[in-house]
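Enquirer: Structure in structure tokens, see below.
Residue numbers (mature numbering (1 follows the signal peptide of the UniProt record, and there is no 0)): -20 to -1, 1 to 314.
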């Protein structure tokens, strides 16, 4: 189940050292069965993970606590848990605001936050947004750095995962572990192993999340020569519908690029995420056109849901996206 869904965050960097791996505070001793016999996957500490996500993402806080979240227009800036430096603000742009916290949690790399308001269908908007970075065809339309993107494992039974999720954090509709590797260029390739998932809420809001796996999960790596490793310390992308044809998104990411100077990391990450949002603007903007890629995808999702009920995404959400058209891609961060 969910053979397509894996998420990773990776960029090239010029250094040849391996970055520090996942933070133990985000994980528990609990395991769930993977879709591969004999393999078990780590379960995150959802309280610890979401406590951190909610502190950096006001939209995530709305998704969790508000029955009718208001999106970017409902943010109370005075309630920010941390002091952010706003580097860009222009409501007329696709990415309306960019902010950062330098050296967040003493990781020597910045935490960046990008906000956007997009027009288009809001049905399964968070799920479809995740496919922009998890389906090879879509991801490669805005990210040319990928060499390998594929799933290592996913949960065999999402119900097993849901048993560990506190009720306020919604329904887990995707849960998996993925591997990715960047292309050889003027620097050597980088690789990453990430645990991630998608939480959906009754309001239509969703939170996509990801954290780097710890070293004790290196047995999940493919059997080939290791390359320098990048590390996503924290990742979330929250989507909140604000009308029948509009939704807001808030993308938060802190990533160590394996030796890339922290002062250069922010601009590189921001540029890559902007490219994703620019593509999303077109992709969702064409969503009501019958001949569009998104319209076809939404028809598949609705058909699957009508046949299988609310568990449709837990069976085979891919439809015509399956097989050759999906390189078992992972979530980007650029």
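We treat Cβ as the ideally placed atom computed from N, Cα and C, and that holds for glycine. Bear in mind that the values here come from a model prediction, so they are computed numbers and not experimental data.
Taking the straight line between their C-alpha atoms, what separation do you get for residue 64 and residue 234?
Expert: 14 angstroms
Enquirer: Does the stretch 134 to 147 come close enough to the stretch 38 to 46 that 3 or more CB-CB pairs lie under 8 angstroms?
Expert: no
Enquirer: Nearest by alpha-carbon distance to residue 73: which of 245, 33 and 96 is it?
Expert: Taking only the C-alpha atoms, the option nearest residue 73 is 96.
Enquirer: Apart from the five residues just before and just after residue 105, which ones in its own chain have a Cβ nearer than 8 angstroms to its Cβ?
Expert: 184, 186, 219, 221, 227 and 264
Enquirer: Given a cut-off of 7 angstroms, decide if residue 92 and residue 249 are closer than it, judged by their beta-carbon atoms.
Expert: Going by C-beta atoms, residue 249 is nearer than 7 angstroms to residue 92.
Enquirer: Give me the DSSP bridge partner(s) of residue 13.
Expert: Note: residue 13 sits in a beta bridge opposite 20.
Enquirer: Can you tell me which of the three DSSP states residue 204 falls into?
Expert: coil
Enquirer: Name the residue from 120, 260, 159 and 285 whose alpha carbon lies nearest to the alpha carbon of residue 211.
Expert: When each option's Cα is compared against that of residue 211, the closest is 159.
Enquirer: Relative to the alpha-carbon of residue 261, which residue among 285, 58, 163 and 118 has its alpha-carbon at the smallest distance?
Expert: 118
Enquirer: Going by the CB atoms, is the gap between residue 178 and residue 153 shorter than 7 angstroms?
Expert: yes
Enquirer: From what residue to what residue does the beta strand (DSSP E) around residue 95 run?
Expert: 91 to 99
Enquirer: In the stretch 110 to 190, which residue ranges form an unbroken beta strand (DSSP E) of at least 3 residues, counting only runs that do not cross its ends?
Expert: 126 to 134, 151 to 162 and 171 to 180
Enquirer: Contact check, residue 188 vs residue 174 under 8 angstroms by CB: the rounded distance?
Expert: With a Cβ gap of about 12 angstroms, residue 188 and residue 174 do not count as contacting.
Enquirer: Using the C-alpha atoms, what's the distance from residue 82 back to residue 171?
Expert: Annotation: residue 171 to residue 82 spans about 24 angstroms, alpha carbon to alpha carbon.
Enquirer: Starting from residue 284 and walking both ways along the alpha helix (DSSP H), at which residues does that stretch end?
Expert: 273 to 288
Enquirer: Say whether the stretch 12 to 22 touches the stretch 43 to 56, bearing in mind that this needs 3 or more beta-carbon pairs closer than 8 angstroms, one atom from each stretch.
Expert: no
Enquirer: According to DSSP, what are the bridge partners of residue 217?
Expert: 188 and 231
Enquirer: Using 10 angstroms around the beta-carbon of residue 180, count the other beta-carbons present and answer buried if the total reaches 16, otherwise exposed.
Expert: buried
Enquirer: Between the beta-carbon of residue 23 and the beta-carbon of residue 12, is there less than 7 angstroms?
Expert: yes
Enquirer: Going by beta-carbon coordinates alone, are residue 149 and residue 30 separated by less than 7 angstroms?
Expert: yes
Enquirer: Going by DSSP, what residues sit across from residue 209 in a beta bridge?
Expert: Residue 209 pairs with 171.
Enquirer: From 89, 80, 49 and 34, pick the residue whose C-alpha is nearest to that of residue 241; which is it?
Expert: 89
Enquirer: State yes or no: is the C-beta of residue 267 within less than 7 angstroms of the C-beta of residue 100?
Expert: yes
Enquirer: Which residue wins for smallest C-alpha separation from residue 108, given the options 282, 286, 59 and 137?
Expert: 282
Enquirer: Opposite residue 66 in the DSSP bridges: which residues?
Expert: Checking the DSSP bridge columns, you'll see residue 66 partnered with 79.
Enquirer: Straight-line CA distance for residue 274 to residue 287?
Expert: If I take the Cα positions, the gap works out to 20 angstroms.
Enquirer: Among residues of its own chain, excluding the 5 on either side of residue 230, which ones have a beta-carbon nearer than 6 angstroms to its beta-carbon?
Expert: 37, 39, 95 and 218
Enquirer: Ignore the nearest five residues each way along the sequence and tell me which others in residue 76's own chain have a CB closer than 8 angstroms to its CB.
Expert: Cβ within range, chain order: 52, 69, 70, 95, 96 and 97.
Enquirer: If the criterion is Cβ atoms closer than 7 angstroms, does the pair residue 33 and residue 216 meet it?
Expert: yes
Enquirer: When the Cα of residue 176 is compared with those of 114, 284 and 103, which residue comes out closest?
Expert: 114
Enquirer: Out of 125, 151, 139 and 67, which one is the CA nearest neighbour of residue 162?
Expert: Comparing Cα-Cα distances from residue 162 to each of 125, 151, 139 and 67, the minimum goes to 125.
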